[in-house]
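For reference, the structure is listed below as structure tokens.
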């Protein structure tokens, strides 16, 4: 709820569209990819957040590209 409240407040400050992105499974996907790449446990711990962030960003970019095609 606090995220939605923040978005409502932020929307009053900008004309830019605001969207929400469910990132709950990004860490699971990142962990799976790192395991498939045979990454050591130590290295996985070092990079898991970075890899998860890249999954979130790529998903958002893919969504924006898809929206652009349907306009």
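In the UniProt record's numbering, the protein residues as written are 1 to 71.
Don't be surprised by glycine CBs; every beta carbon is placed ideally from N, CA and C.
Is DSSP giving residue i helix, strand or coil here?
i	result
residue 38	coil
residue 27	helix
residue 10	helix
residue 61	helix
residue 18	coil
Quick check: the Cα distance between residue i and residue j, rounded to an integer number of angstroms?
i	j	result
residue 15	residue 47	35 Å
residue 34	residue 10	36 Å
residue 17	residue 40	40 Å
residue 59	residue 37	20 Å
For residue i versus residue j, is the C-beta spacing smaller than 8 Å?
i	j	result
residue 56	residue 21	yes
residue 44	residue 31	yes
residue 52	residue 70	no
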